Amino acid sequence: MAKYNLKINGKTREVDVDAGTPILWVLRDHLNLVGTKYGCGIAQCGACTIHLNGIAMRSCMLPVSSVGNQEITTIEGLSENADHPVQEAWLEHDVAQCGYCQGGQIMTAAALLKNNPNPSDEDIEATMSGNICRCGTYLRIKEAIKTAAAK
Amino acid sequence: MKTKKKSLDRRSFLKSSALAGGGLMLTFNWFTQAKAAEAMGESLAETWHELTGYIKITPDNVIKILNPNPEFGQNVMTSLPMMVAEELEVDFEKVVVEMGPHDNAKLGPQFTGGSNSVRMYYNILRQAGATARQMLTEAAAQTWGVSADQVIASNGMLTSGNRKATYGEMASKAASMTAPKDVQLKSPSEFKVIRTAQKNVEGKKVVTGKPLFGLDYQAEGMKIAMILHPPAFGMTLKSFDASQALRMPGIKDVFSFKLFDEDFAMAGFDVRTFNEQIAIVGDSTWQVMNARKKIRAEWTERGDARETRMGRGGSQTVTIPGKLESTNYHFDEMEEGRKTAKVQRRDGDPETAFKNAAVVIEKTYNAPFLAHNCMEPMNGFADVREDSAIIAGPHQAPGWIEPTLSKVLGIAPDKIEMISTRMGGGFGRRAYGQYYVEAALISKQAKVPVKLVYSREDDMSYGIYRPMYTATYRAALDENKNLIAFHVSGGGIPESPIHANRFPAGALDNYLAESWEVPSNITIGAFRAPRSNFNAAAEQSFLDEVAEAMGKDPIQMRLDLLKRAKENPVGSNNDYDADRYAGVLELVREKSGWGKPENNGKRRGVAAYFCHNSYAAHVVDMIERDGEPYVEQVTSALDCGIVINPEGAANMVQGAVTDGIGQSFYGTMTFNNGVTDHKNFDTYRMIRHNESPKKIDVHFVENDIAPTGLGEPPFPPVFGAVANALYKTTGKRYYNQPFMNAEQPESI
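Sequence lines, in order, name chains A and B.
Using UniProt numbering, read the first sequence as starting at 1 and increasing by one per residue.
Using UniProt numbering, read the second sequence as starting at 1 and increasing by one per residue.
Okay, here's the thing in structure tokens:
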């Protein structure tokens, strides 16, 4: 066990965990930030996507010891009041079915638009294809990303 | 409406969780929609006047509607309360929606499955709304000394001439009155809420990552538990050494436990696939995951096992074979099973018709086991005390597993509190509650509240799979290419897919349906539109081939058969309504521009199917992209009766279409000596963004038929439409699923 000071959603949080603990479980089990989801544990489904210094990252295979000073943003910290353009577009298109994967989808989409404000269909597909939605909301996700990009 | 603003911060979340763990259910910030949470404010401290089991109103007119049914993405949190709001005469946007407690006596059947939620609650919830409205109206009438018909209830307000009161002001009096026996319900033409597009009431909570799901559930003193189950179907625990695991940080307990006694009479949704397992209990998920790897367990072949199952007419004991099964063995067994086929329905003289036929077409279709792969792996919270228990988590039918929990724990059902969280998908998988039984037994033995967490690997390798199916279809044509006989012989491991009384039964003078089953120890269960999800693939693909042989347009060929089934049906027990079936075919033909010159160059497939009381048809447009078939666009037509929420309904159909493309293209679970060949998404292929269609147009037949269900019906015919589009795209018929990596026969 070791102590880590993590920058999460603009605050410094201290945790005492094993060095190999993935950020996913640090968030969920130690900091009660459960918006970041466990889906596969092997970076194949994207449900655990967070931002590390603004870049979309799978947190399920990211050991706490590797994060250092980098800024972590989770779905809870994406906006103050669900008013990030991507979140708003998600509500406008009524994207969610079960909703479990959507936090990860939103985090991947938000990072995409930050780097590429006007993505093509191909850009969207290439970036989003790491995020599985078992309910099959891909069409609405694509539409929502285009709406968010237009804002 | 008076609002008291208080944001629901993490502290209050923890507070409520702690209370939940202590036995008091305080769920409002867990299960209440975000948009109304502020309106709720500190209303907890206020008085809620209850009108029927579904409606609660405060004196300051906060109106709360309880959703009775577990939510797994079908959006019942929105559509069911809409039905209450319709008759209650309130603005749906201002209503607070909350997940109701598990209380069958008060809130009805409370299960999610069989496309039943809207269908079974349509009358119940409208009546609840109308009853409450009538009580409020009567309360106002008595207060003002006027007759009830002089009081108008609208938009949460009661008025009579110059007199005005909010529902809240009359709620106390109304709640003390006897509920009227008969209430007048609106006719569909009067609907103001039903048939309007409403956004998901939990949308804001979803996009902000609020704790909603079973895996998010927390309680004071809660530990994390995982199971270690046998590595193969047909194996059981022999012995284990946990000494190393117990030395790992954060680990509290490791022990083995049994789910059921040998003679336990199992209910329909009980599962004893792995009746003895090892439990690992610790402080955090990561610690438990790591400690689990250190357990040295020895497993052994279980041999044949006996299961006692409760059923109609008493319990029955069956033998579950002990063999370690492989997929090749399954194919061989199917060939053997065929020989045991039993007739399910025979009309006319099919044997003679086939003998005299000018042309006989015979094709065999295969489909593999499928894993549900809900995005949220199975999990469940249990706090089992001496004589009471709290069980919380994602389950489609808490009332079905509660009696089992009661028997296993020796605790009366009324001492077991069942709490429904939102489910991260269900698709039938969460109708089976063995993960609750496991969590409860672990909590009981470890004497702590535990949240049992399945890893993805547990979820995929300890599944309740869609069965493996096969069916051989034969059609007899006369010399004029008329279809004169139809024969289906189908079987499955371990259950048959055959619905003998479905289309085209009823449309043909000579018809034969046969069925067989092959026993297996692979656990199977409901998977979105059970059996139908195979039948529609096989039968609708076969009909396409028959239409081609008859020289007919595939839609017209089906419509001709349905015309016969309507005007002069064969037999009297045909399951489907030929008019509604034809209706979706006609609608999809119109909306897709089927047969129009501008669509001549398109490679399209069509299919339609009836299941779960509703009708669906799809036209799939396929292209080749980078040498691979790709479904670019889909046009869908549905008849599910009255559509409660067109927004949510369209979303669900689009999801079913996407799901159907994915499952038919890629879905498969194979076995090697009882071990699943796939354990995670690295090898179990799921449809992804780049493989999903660019457009899915959804159209509903407009009618005033009471809702007949929508979660499942759109799913099965996708498989058939995809197969038929593949033929147009590649020139090859696809008989074996998954279409993208199963071998297809060369000749057609």
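For glycine and all other residues, C-beta sits at the position ideal for the given N, C-alpha and C.
Predicted, not measured: the structure shown is a model, and the values here were computed from it.
With a 10 Å radius around its C-beta and 16 neighbouring C-beta atoms as the bar for buried, classify residue i as buried or exposed.
i	result
B/Val359	exposed
B/Pro713	buried
B/Phe331	exposed
B/Glu402	buried
B/Ala412	exposed
B/Ser189	exposed
A/Asn5	exposed
B/Lys355	exposed
Measuring CA to CA, which of the options is closest to residue i?
i	options	result
B/Ala279	B/Asp704, B/Gly601, B/Leu237, B/Gly311	B/Leu237
B/Trp286	A/Cys133, A/Pro117, A/Pro63	A/Pro63
B/Met473	B/Ser489, B/Asn480, B/Met460	Looking at the sequence itself, residue 473 of chain B is Tyr, so the reference to Met does not match. Measuring from the Cα of B/Tyr473, the nearest candidate turns out to be B/Ser489.
A/Glu16	A/Asn9, A/Ala149, A/Leu27	In the sequence under discussion, the amino acid at residue 16 of chain A is Asp, which differs from the Glu named in the question. It is A/Leu27 whose Cα lies nearest to the Cα of A/Asp16.
B/Pro68	B/His102, B/Phe700, B/Val96, B/Thr47	B/His102
B/Arg422	B/Cys611, B/Pro211, B/Lys164, B/Gly114	B/Pro211
B/Glu307	B/Asp283, B/Val271, B/Glu386	B/Val271
B/Lys481	B/Arg312, B/Pro497, B/Met557	B/Met557
B/Ala578	B/Ala549, B/Pro554, B/Phe610, B/Glu590	B/Phe610
B/Asp263	B/Leu370, B/Asp253, B/Lys407, B/Ala367	B/Lys407
B/Val570	B/Phe719, B/His372, B/Glu71, B/Ala500	B/Ala500
B/Asp697	B/Leu726, B/Met266, B/Ala617	B/Ala617
B/Lys56	B/Glu93, B/Gly129, B/Gly73, B/Thr78	B/Gly129
B/Val118	B/Gly709, B/Leu409, B/Tyr735	B/Gly709
How big is the Cα-Cα spacing for residue i and residue j?
i	j	result
B/Pro494	B/Gly108	32 angstroms
B/Arg502	B/Asn510	14 angstroms
B/Asn690	B/Ala431	31 angstroms
B/Ala353	B/Ala721	29 angstroms
A/Lys151	A/Pro85	7 angstroms
B/Gln150	B/Tyr436	53 angstroms
B/Arg296	B/Val201	48 angstroms
A/Ala96	B/Ala341	44 angstroms
B/Asp458	B/Asn373	11 angstroms
B/Ser176	B/Pro81	23 angstroms
B/Met40	B/Thr208	Residue confidence is low: B/Met40 scores 44 on pLDDT, short of 50, so the model does not pin down where it sits. No coordinate-derived value is stated.
B/Ala485	B/Asn155	59 angstroms
A/Gly130	A/Asn116	17 angstroms
A/Gly41	B/Met375	12 angstroms
B/Phe111	B/Gly393	14 angstroms
For residue i, which residues in chain D fall below 9 angstroms Cβ to Cβ?
i	result
B/Phe681	The structure shown contains no chain D; its protein chains are A and B.
Shorter than 8 angstroms from the beta carbon of residue i to some beta carbon of chain A?
i	result
B/Ile464	no
B/Gly314	no
B/Ser692	yes
B/Trp144	no
B/Arg685	no
B/Phe534	no
B/Thr196	no
B/Cys374	yes
B/Met222	no
B/Asp216	yes
Is there at least one Cβ from chain B nearer than 8 angstroms to residue i's Cβ?
i	result
A/Met1	yes
A/Val34	yes
A/Arg140	yes
A/Leu52	no
residue 152 of chain A	An answer regarding residue 152 of chain A cannot be provided, because it is not within the stretch 1 to 151 covered by chain A.
A/Ser120	no
A/Glu14	no
A/Asp123	no
A/Asn70	According to the sequence as given, residue 70 of chain A is Gln; it is not Asn. Cβ-Cβ to chain B under 8 angstroms: no for A/Gln70.
A/Tyr100	yes
A/Glu73	This sequence places Thr at residue 73 of chain A; Glu is not what is there. Not an interface residue.
A/Gly10	no
A/Ile106	yes
Tell me whether the region 176-184 of chain B and the region 47-62 of chain A touch, counting them as touching only if at least three CB pairs, one residue from each stretch, are closer than 8 angstroms. With contact defined as three or more Cβ pairs closer than 8 angstroms, the region 176-184 of chain B and the region 47-62 of chain A are not in contact.
Tell me, please, whether the region 248-263 of chain B touches the region 321-337 of chain B by the rule of three or more beta-carbon pairs shorter than 8 angstroms. The region 248-263 of chain B vs the region 321-337 of chain B: no contact.
Using 8 angstroms as the Cβ pair cut-off and three pairs as the minimum, do the region 119-135 of chain B and the region 81-88 of chain B touch? A contact is defined here as three or more CB-CB pairs under 8 angstroms, and the region 119-135 of chain B meets this definition with respect to the region 81-88 of chain B.
Inter-stretch contact at 8 angstroms, needing at least 3 Cβ pairs: the region 579-595 of chain B / the region 636-656 of chain B: With a cut-off of 8 angstroms, the region 636-656 of chain B and the region 579-595 of chain B count as touching, because enough Cβ pairs lie within range.
Within the chosen definition, does the region 160-169 of chain B reach the region 45-61 of chain B through at least 3 CB pairs nearer than 8 angstroms? As far as the Cβ criterion goes, the region 160-169 of chain B touches the region 45-61 of chain B, which means the pair count is three or higher.
Using 8 angstroms as the cut-off, can you tell me whether the region 517-528 of chain B makes contact with the region 225-240 of chain B, which would need three or more C-beta pairs spanning the two stretches below that distance? Three or more Cβ pairs drawn from the region 517-528 of chain B and the region 225-240 of chain B lie within less than 8 angstroms of each other, which places the two stretches in contact.
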